[in-house]
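Asks:
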Amino acid sequence: MTESLKKREAVTLNCSAAICTIHQLEVTWFRDGSTLSESGPALHLGYLTAKDSGNYTCGLKSNNRILSVPYSLHVEDEEEGALGQSVNYPDPVCGVIGSTVTLPCSFTPPKSVNGNGREVLIEVVRVVWCNNHEFCLLTTPSVYDSKSNNNDPRYRYLGDKKRDCTLQISDLQKEDNATFRFRVETNDPRATFTALAGVRVTVVDGAQMKIRSSRDDGEFKRGEAVTLNCSAAICTIHQLEVTWFRDGSTLSESGPALHLGYLTAKDSGNYTCGLKSNNRILSVPYSLHVEDEEEGALGQSVNYPDPVCGVIGSTVTLPCSFTPPKSVNGNGREVLIEVVRVVWCNNHEFCLLTTPSVYDSKSNNNDPRYRYLGDKKRDCTLQISDLQKEDNATFRFRVETNDPRATFTALAGVRVTVVDGAQMKIRSSRDDGEFKRGEAVTLNCSAAICTIHQLEVTWFRDGSALCESGPALHLGYLTAKDSGNYTCGLKRNNRTLSVPYSLHVEDEEEGALGQNVNYPDPVCGVIGSTVTLPCSFTPPKSVNDNGREVLIEVVRVLWSNNHEFCQLTTPFVYDSKSNNNDPRYRYLGDKKRDCTLQISDLQKEDNATFRFRVETNDPRATFTALAGVRVTVIDGAQMKIRSSRDDGEFKKGEAVTLNCSAAICTIHQLEVTWFRDGSALCESGPALHLGYLTAKDSGNYTCGLKRNNRTLSAPYSLHMEDEEEGTKAFDTLLAVRLLLFTLHTVLFVIVTSIIIKRDVRLQKKMMSSRRRSVAETSRGMRPGCLILSSATYLL
1 MTESLKKREA VTLNCSAAIC TIHQLEVTWF RDGSTLSESG PALHLGYLTA
51 KDSGNYTCGL KSNNRILSVP YSLHVEDEEE GALGQSVNYP DPVCGVIGST
101 VTLPCSFTPP KSVNGNGREV LIEVVRVVWC NNHEFCLLTT PSVYDSKSNN
151 NDPRYRYLGD KKRDCTLQIS DLQKEDNATF RFRVETNDPR ATFTALAGVR
201 VTVVDGAQMK IRSSRDDGEF KRGEAVTLNC SAAICTIHQL EVTWFRDGST
251 LSESGPALHL GYLTAKDSGN YTCGLKSNNR ILSVPYSLHV EDEEEGALGQ
301 SVNYPDPVCG VIGSTVTLPC SFTPPKSVNG NGREVLIEVV RVVWCNNHEF
351 CLLTTPSVYD SKSNNNDPRY RYLGDKKRDC TLQISDLQKE DNATFRFRVE
401 TNDPRATFTA LAGVRVTVVD GAQMKIRSSR DDGEFKRGEA VTLNCSAAIC
451 TIHQLEVTWF RDGSALCESG PALHLGYLTA KDSGNYTCGL KRNNRTLSVP
501 YSLHVEDEEE GALGQNVNYP DPVCGVIGST VTLPCSFTPP KSVNDNGREV
551 LIEVVRVLWS NNHEFCQLTT PFVYDSKSNN NDPRYRYLGD KKRDCTLQIS
601 DLQKEDNATF RFRVETNDPR ATFTALAGVR VTVIDGAQMK IRSSRDDGEF
651 KKGEAVTLNC SAAICTIHQL EVTWFRDGSA LCESGPALHL GYLTAKDSGN
701 YTCGLKRNNR TLSAPYSLHM EDEEEGTKAF DTLLAVRLLL FTLHTVLFVI
751 VTSIIIKRDV RLQKKMMSSR RRSVAETSRG MRPGCLILSS ATYLL
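The sequence shown begins at 1 in UniProt numbering and counts up one residue at a time.
1) Would you check if the distance between the CB atom of residue 328 and the CB atom of residue 398 is smaller than 7 Å?
2) Which residues in the same chain as residue 581 place their Cβ atom closer than 7 Å to its Cβ, once the five residues preceding and following it in sequence are excluded?
3) Evaluate contact between the region 211-227 and the region 258-266, counting only Cβ atoms and requiring at least three cross-stretch pairs below 8 Å.
4) Let me make sure I understand the geometry here. Which of 185, 204, 716 has the alpha-carbon closest to that of residue 194?
5) Return the first residue and the last residue of the beta strand (DSSP E) that residue 220 is part of.
6) Could you tell me the distance, in whole angstroms, from the CA atom of residue 340 to the CA atom of residue 407?
7) Let me know the secondary structure DSSP gives residue 383 once reduced to three states.
8) Roughly how many angstroms separate the alpha carbons of residue 371 and residue 654, rounded to a whole number?
9) Please report the distance separating the alpha-carbon of residue 275 from that of residue 92.
10) The beta strand (DSSP E) that contains residue 265, what's its start and end?
11) Mapping the DSSP letters down to three states, classify residue 695 as helix, strand or coil.
12) Would you check if the region 378-385 and the region 300-318 touch, i.e. whether three or more CB-CB distances between them fall below 8 Å?
13) What residue ranges within the region 286-343 form continuous beta strand (DSSP E) runs of no fewer than 3 residues, ordered along the chain?
14) Just to confirm my understanding: we take residue 334, look at its own chain, exclude 5 residues before and 5 after, and list those with CB closer than 7 Å. What are they?
15) Which word fits residue 10, buried or exposed, when buried means at least 16 other C-beta atoms lie within 10 angstroms of its C-beta?
16) Distance check for residue 713 and residue 738, CA to CA, integer angstroms please.
17) Apart from the five residues on each side of it in sequence, which residues of its chain come closer than 6 Å, Cβ to Cβ, to residue 236?
18) Report the three-state DSSP secondary structure of residue 348 (helix, strand or coil).
19) Given 8 Å as the limit, is there contact between the region 171-181 and the region 96-116, that is, 3 or more CB pairs closer than that?
20) Using a Cβ-Cβ cutoff of less than 6 Å, which residues in the same chain neighbour residue 459 once the five nearest sequence positions on both sides are dropped?
21) Quick check: the region 361-377 against the region 423-433, are there 3 or more CB pairs under 8 Å?
22) Taking all protein chains shown into account, do 16 or more other C-beta atoms lie within 10 angstroms of the C-beta of residue 248, making it buried, or fewer, making it exposed?
23) Look at the alpha carbon of residue 270 and the alpha carbon of residue 183, and state the distance between them as a whole number of angstroms.
24) Drop a sphere of 10 angstroms on the beta-carbon of residue 111, count the other beta-carbons inside from all chains shown, and report buried for 16 or more, exposed for fewer.
25) Leaving out five residues on either side along the sequence, give the residues of the same chain with a beta carbon under 8 Å from the beta carbon of residue 345.
26) Take residue 36 and list the residues in its own chain whose beta-carbon comes closer than 6 Å to its own, dropping the five residues that flank it on each side.
27) Residues bridged to residue 198 by DSSP?
28) How is the beta strand (DSSP E) around residue 682 delimited, first residue to last?
29) Could you check if residue 365 is buried or exposed, using at least 16 other CB atoms within 10 Å of its CB as the buried criterion?
30) If I measure Cβ to Cβ from residue 479 and keep anything under 7 Å in the same chain, skipping five residues before and after, which residues do I get?
31) Could you give the C-beta distance for residue 681 and residue 610, rounded to a whole number, given that I count them as a contact under 8 Å?
32) Roughly how many angstroms separate the alpha carbons of residue 46 and residue 164, rounded to a whole number?
33) Would you say residue 594 faces chain C, with C-beta separation under 7 Å as the test?
34) Give the DSSP bridge partners of residue 95, in chain order.
35) Roughly how many angstroms lie between the CA atoms of residue 392 and residue 242, to the nearest whole one?
36) With a Cβ-Cβ cutoff of 7 Å, do residue 200 and residue 179 count as a contact?
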């Protein structure tokens, strides 16, 4: 089925299955094969734009391989005038009072009109934005007019008179709850045009933020899943740029829906959400509690990891711990429990002795792909190498003891999902990959049916690895440096990469004669530190003066802050013609192409937008680049570390990510150095990921800006108990016993040797004495008695 709709219209798509009523179905929606964030049997699309065009399908969450017949939807996006002129408005925008919103907009004026057989080239002479008026004529009150000097500074025009009509509204007020329309005035009235569609701006009170969930009580069991939705009054969810918090700590996930799959006790806490542009106003907390471990009748338990997703041929580790009972009661007598056998099996619920296993501690024929990294005390970690399709299963662990009552199989198990690397792909909010300087985009890496948060992802631009990691790559304030082909892959198997996503950013801001200034990304610095603003500019080579070419020469360069036009009457921080420049502002550039500025000993007044101006020998080539570079100045005492675990207590094999932040500076703006117990680590960047923790990772962690390591964050104390204390005690006792046994043996040998030597000496002495006695007797008797005496002696 195919349906054509116009921009601003709305439609609801319903997924049904024969005699099943719609509300009985748990539905996933797809557009052109890509999964949508919305779920449920009804998909409502409000205020349609061309982005909503595509083939829609739906399927049950439990079986996405079976999909509905596609529904083809086409939306005519742009509103065209009689001469082909058009304006392309953004989707409706929703903002909280006091925040800032940007309305990205583009327009296409006609190139020419026909005037009595003569072609008249069209030139735009005026651009106007107004609100709540359909035609936006000259007599209509406007919020911005390019010919006016009295525009309200809350409304900043970021566009030009060529194609860009972007408007930024700061400090949102209730009166901004309106429809904004754009008007183009040209040198010929026939080409003048107001785009009637407009863009709808909805303003809400921050107190209206709230979290909705499918479970009101917030009570969950291990292995269940939940999606939390952040909404603000009548603003639909997809209109909000949302930041999520758990127990006050910022989470890496963003967007209006937070999906938590395969819940564990780590996910317990109070969740809040807030708009990225105004995190001071948060929703009412949603309390979530997860009962984590699965206990047996005698208190024995196994703590499995979250589900694991891997690519065929890669290696995955299943960190696992177990607690056997210490003893059982046998007819009034305490029987101490000893683990005699441990077993891992897959796809069998009870993992009994007759069940095929992937690892058995009593077997000599275990498959070498399954390596047991644990022991028979508390650690049951399993490593699977060279993943195959048959590993796409649920793995369970079984403990056998010297008493059958303490034998136990943990039924929950850990789910391992195996996908083909060719299924890796990047999803973005902009399919064409075309962006302008200052815009933002989030790229999401996914692999078939593996949910994004299950993947440990490495990102690449033009084949070079980026320092950012994780399934979502956020690129804020885009510049030409961000242009390139992006790919993503699993950390454990980077040979298999996604299909490239091509991103192009038009970076430079050009003047009427082609002059331009290329500013750096926004800069964040700590009070007292030094920051450098790398900058380049291109002046025009010449201008035409009544048919004569006039070569352009730059005669003056200026830097100003917090002034849009940076004219001669504007206070400046650097002026090449002045001898009284503040020495804190050092110009490292020249009058040719380099406009780099260095600011030392940063102060609060440097928290501003800095703009560069070029003055030439011809006023027509003089130019101020309005975009500027934003410098954010913070107090060093605001540096802090956020973690998913506040207490800092971890077990061997667990993992944690520490995030370094500094007040309102977004993390990606910071160049961070990490320290453990005062020693610098080789890792850098705003996020420090510690995987498979051991005792070596214990210590006090701090972070600081690379440019000012004297100012460090408050320490985050991390403690990891590496070996079981009972094991240590056992090893020590065994060593003492071996030593005593050795000493006892040596002593016994020595004493025995002494006794034997003494007995030998006594026997020799007795024999010698007897011989002397016989000799003396023989000499004292008659010869005839010798034989008798001798015989008597012999008897």
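Beta carbons: idealized from backbone N, C-alpha and C, even for Gly.
Replies: In short, the structure shows the following:
1) Counting from one through the sequence shown, the residue named residue 328 turns up at place 328. Counting from one through the sequence shown, the residue named residue 398 turns up at place 398. Cβ distance not < 7 Å, so residue 328 and residue 398 don't count as in contact.
2) Within the sequence shown, numbered from 1, the residue matching residue 581 stands at position 581. Excluding positions up to five away in sequence, the list reads 574, 575.
3) yes
4) As a first step, residue 194 must be located in the sequence shown, where it is residue number 194. Checked all of 185, 204, 716; the closest Cα to residue 194 is 185.
5) By 1-based counting over the sequence shown, the position of residue 220 is 220. Residue 220 -> beta strand (DSSP E) spans 219-221.
6) Against the sequence shown, residue 340 aligns to sequence position 340. Against the sequence shown, residue 407 aligns to sequence position 407. Looking at the two C-alpha atoms, the distance is approximately 10 Å.
7) On the sequence shown, position 383 is the one that residue 383 refers to. Three-state DSSP puts residue 383 in a strand.
8) In the sequence shown, residue 371 corresponds to position 371, counting from 1. In the sequence shown, residue 654 corresponds to position 654, counting from 1. Using only the alpha carbons, I get a separation of about 18 Å.
9) For this step, residue 275 is matched to residue 275 along the sequence shown. For this step, residue 92 is matched to residue 92 along the sequence shown. Going by the C-alpha atoms only, they are around 16 Å apart.
10) Start at 1 with the first residue of the sequence shown, and residue 265 comes out as number 265. From DSSP, residue 265 is part of no beta strand (DSSP E); its letter is neither H nor E.
11) As a working note, residue 695 is residue 695 in the sequence shown. DSSP places residue 695 in helix when its eight states are reduced to three.
12) yes
13) 286-291, 301-303, 308-311, 316-318, 321-323, 327-330, 333-336
14) Taking the sequence shown and counting its residues from 1, the one referred to as residue 334 is at position 334. Within the same chain, residue 334 has close Cβ partners 327.
15) Taking the sequence shown and counting its residues from 1, one reaches residue 10 at position 10. With fewer than 16 other Cβ atoms within 10 Å, it is exposed.
16) Taking the first residue of the sequence shown as 1, we reach residue 738 at position 738. Taking the first residue of the sequence shown as 1, we reach residue 713 at position 713. Taking the straight line from one Cα to the other gives about 50 Å.
17) Here residue 236 corresponds to residue number 236 of the sequence shown, with the count starting at 1. Low confidence applies here, because residue 236 scores a pLDDT of 49, under 50, leaving its location unreliable; read the following figure in that light. If we look at residue 236 and ignore the five residues flanking it on each side, it has no Cβ neighbours.
18) Here the question's residue 348 lines up with position 348 in the sequence shown. Here residue 348 sits in coil by DSSP.
19) yes
20) Looking up residue 459 in the sequence shown gives position 459. These residues qualify, in order along the chain: 466, 468, 473, 488.
21) no
22) In the sequence shown, the residue the question calls residue 248 occupies position 248. Result: exposed.
23) Counting from 1 along the sequence shown, the entry for residue 270 is found at position 270. Counting from 1 along the sequence shown, the entry for residue 183 is found at position 183. If I take the Cα positions, the gap works out to 47 Å.
24) Within the sequence shown, the letter at position 111 stands for residue 111. The residue is exposed, with fewer than 16 neighbouring Cβ atoms inside 10 Å.
25) Locating residue 345 in the sequence shown gives position 345, where the first residue counts as 1. Hits under 8 Å: 351, 355, 356, 357, 358, 395, 396, 398.
26) Walking along the sequence shown from the start, residue 36 turns up at place 36. So the qualifying residues of the chain are 29.
27) As a working note, residue 198 is residue 198 in the sequence shown. According to DSSP, residue 198 bridges with nothing at all.
28) Here the question's residue 682 lines up with position 682 in the sequence shown. Residue 682 -> beta strand (DSSP E) spans 679-684.
29) The residue labelled residue 365 in the question sits at position 365 within the sequence shown. Exposed is the call here.
30) The residue labelled residue 479 in the question sits at position 479 within the sequence shown. Within the same chain, residue 479 has close Cβ partners 437, 505, 507, 521.
31) Against the sequence shown, residue 681 aligns to sequence position 681. Against the sequence shown, residue 610 aligns to sequence position 610. About 33 Å; that fails the 8 Å criterion.
32) Translated into positions along the sequence shown, residue 46 becomes position 46. Translated into positions along the sequence shown, residue 164 becomes position 164. Cα-Cα distance, rounded: 25 Å.
33) The structure shown has no chain C; it contains just one protein chain.
34) If you number the sequence shown from 1, residue 95 lands on position 95. BP columns for residue 95 point to 203.
35) Your numbering for residue 392 matches position 392 in the sequence shown. Your numbering for residue 242 matches position 242 in the sequence shown. Rounded to the nearest angstrom, the two C-alpha atoms are 34 Å apart.
36) Walking along the sequence shown from the start, residue 200 turns up at place 200. Walking along the sequence shown from the start, residue 179 turns up at place 179. It is a contact, given that the beta carbons lie within the stated cut-off.
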